[in-house]
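Chemist: Just so we're aligned, residue 2 is where the sequence shown starts under my numbering, counting upward by one.
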Amino acid sequence: ENWVLEHAKLKARVEVLEKNKRNFMGEDLDSLSLKELQSLEHQLHAAIKSIRSRKNQAMFESISALQKKDKALQDHNNALLKK
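(1) Just confirm the distance between the C-beta atoms of Q38 and L30, as a whole number of angstroms; I'd bet it's less than 8 Å.
(2) Once you ignore the five residues that flank N79 on each side, which residues in its own chain have a CB closer than 8 Å to its CB?
(3) Determine the direct distance from the alpha carbon of K50 to that of R23, and round the result to whole angstroms.
(4) Heavy atom of the ligand SAM less than 7 Å from the Cβ of N57, yes or no?
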């Protein structure tokens, strides 16, 4: 009996998560209230800010790695020219 209750709770939770996922994907928005739409918009703005921050960090790391590689290649090229 406890398992039946737990199953029902988990099933309801999965349904809520699936609805939230659809909302985040821009689907099934007609059923949302103004307050829910504003909350969703706020969450999406926060997510975009986080994504942009991580993207910028990854780009800076990539640029730094490429600059180090460029320096190493220039040093190697200079060493070859001196031979």
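The C-beta atom is built at its ideal place from N, Cα and C for all residues, glycine as well.
If you're wondering where the values come from, they're calculated on a predicted model, not measured in any experiment.
Modeler: So, to answer that:
(1) The displayed chain sequence assigns Leu, not Gln, to residue 38. Indeed they touch by this definition, with Cβ atoms about 7 Å apart.
(2) none
(3) 20 Å
(4) Judged by which ligands are present, the structure shown has none, so any question about the ligand SAM falls away.
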